[in-house]
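Protein chains in written order, with full-length UniProt numbering: chain W, 1 to 368; chain V, 1 to 524.
For every residue, glycine included, the Cβ atom is placed at its ideal position computed from N, Cα and C.
Let me begin by presenting the structure, written as structure tokens, before commenting on it.
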């Protein structure tokens, strides 16, 4: 037995030594005798590319929707429509970008609307009562901090309890909303602090349409742009962002590779909370109204938008561009159907159909 | 940390003067216990720089536990790890990585949703910065690191391949990516857990070259494999574990295969055969051309009444999948099954039950038992429909009687049949599961790893029960990787390789070493 094996062993060692002596002069030390193995990657067909960049599907849906609506009502194609769209998409975009980060990390958060409602109403009421002249920047920062605080509670619970984030955030959604309605107030008020009211009216750009109306692009759109850029940078250029995707790929593997899951959990939920807090404040200043019953209930719209933007509900994927496209699609459906005379109840039918369509498409791709 | 940097500055490939030779890693008196199992019993090992070690041992000998302790995935209960002279009572995953210990797990631990470059180079980036996440990273450095590491294992280092997602790669390529990650992290100690199971011969040769390379650079490699031929081809030292203890360590060339097999199994004493002369009966089950894509193909065999037929093979041989197909859990896609000469369909588990084919799964906790339910309920589940009275209610008196009979028959140690199954030991739980199928008076009983995680005394009882059942004329298929178990209990043994039946043996004419060689030999 031994005699049969010995020569084989020697020959293998000899050959490896020879090879490394020969090649060390012309190759780096790390690659003396390794043969190139063809990686045999599947060719990138159209379907594969779509699987990698599902946002193209979202683009297609948007184009189709616009063409149909524009054909029925040519007035759709004007800047005023775009301004309206951006205006109404701001709050949802902030929510959606937060949801993107949570989904990418493999979790889900349904409490962000409650966070937004609690911070916006609590802060508006407090400012109005004690410091009606507070500068808008301060109010915004307070909203962001309040959101971080409430979000970090989510993160701690998810990490400590090792509980599914859906369960935890359903719990905190009820909790935050209950606290708001029980202890802070149930009446909505139109008398919002002056600086908030003012910010809501600042135009970034405006022009007069053919019918003499003033089409305004509000300054709050800047928040959308800034948030999108910051979120993109965080996810793609920082180790934390890569950690978010790593955790979304596999919690167990990420831990084994040395990623600090506690830090990632706190970041993910804290960041989502922060965006929710900011979104809440912007929502108040845009609508010039603080309504404690507002926002909660729109979670599914937001999650639907992110899913339509190509993020998988199972985690580990999703892009900022896709998410914004998803928001555009959902906002489009919600706002333009009225323009072509479709009853608004049809919104839900169409969004649902789109989600099923997208879901089927993505599922078929993965199955292959 | 200081010490580590000293070591790094020394050219690793140079032979170091004897007086300053210090092993890279020492494992000192490590113990590890899990509930009820003493997985490691005082293991002490020493790993030199630039050496290849083969960790060998049977399933359950403590290999995986040892790997997890060295890589920081689990802390030892007792003992310590000495890395370059610094003693640690326990390591975190990050500390192990920072010390240069890299593990290529069997599951490869690659993140499927991320790119090749990120999988290869981000771990190193993370470890060199002590796991800090609040920082940016330089993508050019990342790409350069990844390219170097990928080329070192024979993969292309170009941008297109680096951007490929892991989930788009075939398994063999992923294997090399995982090794590239270890190289990118400038590992000083690389653990490879059965890295060759999914590779072709050419890829294995390439891997062996990669190993020689690592070794030349002073990297220590701990190689876990069942394929002895490969271990000899690679060379280096062998470490044999059995029952959580080190049995031997030394240059592999000094051991014959037979010696290694004997050290690993070490059960030459208890070779008593439970099986007595079988009396030939008619064929009860006739399987023809059974196929399930990618798992097993063209499997044919006959099972006689009162016969015990063993089925074995390595993990990727398709034996587990065959068992599940016969039970209707994951049905075959082609081929036919004849029961008593009549063709039957096995599409679902209830098909199998209807034809009185019983299946005792390997994973009894997840697939077999209702742990928090009484023994009685677990015993009667398979035959519950026949216990209904004319109002559709369960006849409690008969159920009770049946359960008590089963407990008595199978010597289940319990104060009463209303106790939950989880109060029983593993061996007794297994008997409850067997008892469930006895209640339907089976024609065929498929026992899948019936003594996994069962103590010696219980094993003995289960073997005796098996023999008694076969005397009643039940055809038994015993699927197991416990070779002595097969030899002690079976009439015939089918050896599966790569989804096919590679050979058939008569159990009474075979030694354990022969069967072990047959199991590990490359020829399919």
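When the Cα atoms are used, what is the spatial distance from residue i to residue j?
i, j, result
"residue 123/V", "residue 188/V", "15 Å"
"residue 225/V", "residue 103/V", "14 Å"
"residue 260/W", "residue 40/V", "29 Å"
"residue 245/V", "residue 517/V", "23 Å"
"residue 337/W", "residue 345/W", "10 Å"
"residue 301/W", "residue 133/V", "32 Å"
"residue 351/W", "residue 321/W", "19 Å"
"residue 308/W", "residue 177/V", "32 Å"
"residue 51/V", "residue 67/V", "17 Å"
"residue 86/V", "residue 26/V", "10 Å"
"residue 27/W", "residue 194/V", "Bear in mind that the predicted position of residue 27/W carries a pLDDT of just 36, short of 50, making it unreliable; the figure below should be weighed with that in mind. The straight-line gap from Cα to Cα measures roughly 30 Å."
"residue 447/W", "residue 215/W", "Nothing can be reported for residue 447/W, as the shown portion of chain W is limited to 1 through 368."
"residue 351/V", "residue 446/V", "14 Å"
"residue 94/W", "residue 145/W", "15 Å"
"residue 299/W", "residue 128/V", "40 Å"
"residue 167/W", "residue 156/W", "13 Å"
"residue 55/W", "residue 330/W", "14 Å"
"residue 426/V", "residue 173/W", "43 Å"
"residue 118/W", "residue 139/W", "14 Å"
"residue 339/V", "residue 498/V", "26 Å"
"residue 143/V", "residue 292/W", "50 Å"
"residue 240/V", "residue 233/V", "17 Å"
"residue 88/V", "residue 250/W", "28 Å"
"residue 229/W", "residue 319/W", "12 Å"
"residue 177/W", "residue 149/W", "15 Å"
My understanding is that residue i touches residue j, with C-beta atoms under 8 Å, so please give their C-beta distance in whole angstroms.
i, j, result
"residue 192/W", "residue 284/W", "6 Å"
"residue 320/V", "residue 362/V", "7 Å"
"residue 84/V", "residue 30/V", "Going by Cβ atoms, the distance from residue 84/V to residue 30/V rounds to 18 Å, so no, they are not a contact pair."
"residue 276/W", "residue 116/W", "4 Å"
"residue 328/V", "residue 356/V", "That pair is no contact at about 13 Å."
"residue 151/W", "residue 273/W", "2 Å"
Can the beta-carbon of residue i be found less than 8 Å from the beta-carbon of residue j?
i, j, result
"residue 235/V", "residue 492/V", "no"
"residue 375/V", "residue 401/V", "no"
"residue 136/V", "residue 238/W", "yes"
"residue 315/W", "residue 105/W", "yes"
"residue 125/V", "residue 172/V", "no"
"residue 476/V", "residue 466/V", "yes"
"residue 147/W", "residue 303/W", "no"
"residue 364/V", "residue 429/V", "yes"
Nearest to residue i by alpha carbon, out of the options?
i, options, result
"residue 316/V", "305/V, 330/V, 295/V", "295/V"
"residue 276/V", "307/V, 292/V, 259/V", "307/V"
"residue 98/W", "202/W, 252/W, 327/W", "327/W"
"residue 253/V", "274/V, 228/V, 242/V, 241/V", "228/V"
"residue 143/W", "220/W, 86/W, 123/W, 132/W", "123/W"
"residue 195/W", "133/W, 152/W, 156/W, 247/W", "133/W"
"residue 204/W", "341/W, 348/W, 75/W, 87/W", "87/W"
"residue 179/W", "151/W, 114/W, 162/W, 127/W", "114/W"
"residue 174/V", "185/V, 117/V, 143/V, 256/V", "117/V"
"residue 440/V", "62/V, 248/V, 474/V", "474/V"
"residue 341/W", "71/W, 353/W, 138/W, 59/W", "71/W"
"residue 209/V", "238/V, 291/V, 179/V, 301/V", "179/V"
"residue 167/V", "305/V, 469/V, 112/V", "112/V"
"residue 100/W", "128/W, 75/W, 268/W", "268/W"
"residue 175/W", "190/W, 154/W, 199/W, 162/W", "154/W"
"residue 501/V", "519/V, 364/V, 96/V", "519/V"
"residue 337/V", "371/V, 299/V, 57/V, 372/V", "299/V"
"residue 223/V", "196/V, 38/V, 381/V", "196/V"
"residue 98/V", "304/V, 121/V, 432/V, 186/V", "186/V"
Let me confirm a value: residue i is counted as buried when at least 16 other C-beta atoms fall within 10 Å, else exposed. Which label applies?
i, result
"residue 256/W", "buried"
"residue 312/W", "buried"
"residue 504/V", "exposed"
"residue 208/W", "exposed"
"residue 245/W", "buried"
"residue 92/W", "buried"
"residue 482/V", "buried"
"residue 202/W", "exposed"
"residue 138/V", "exposed"
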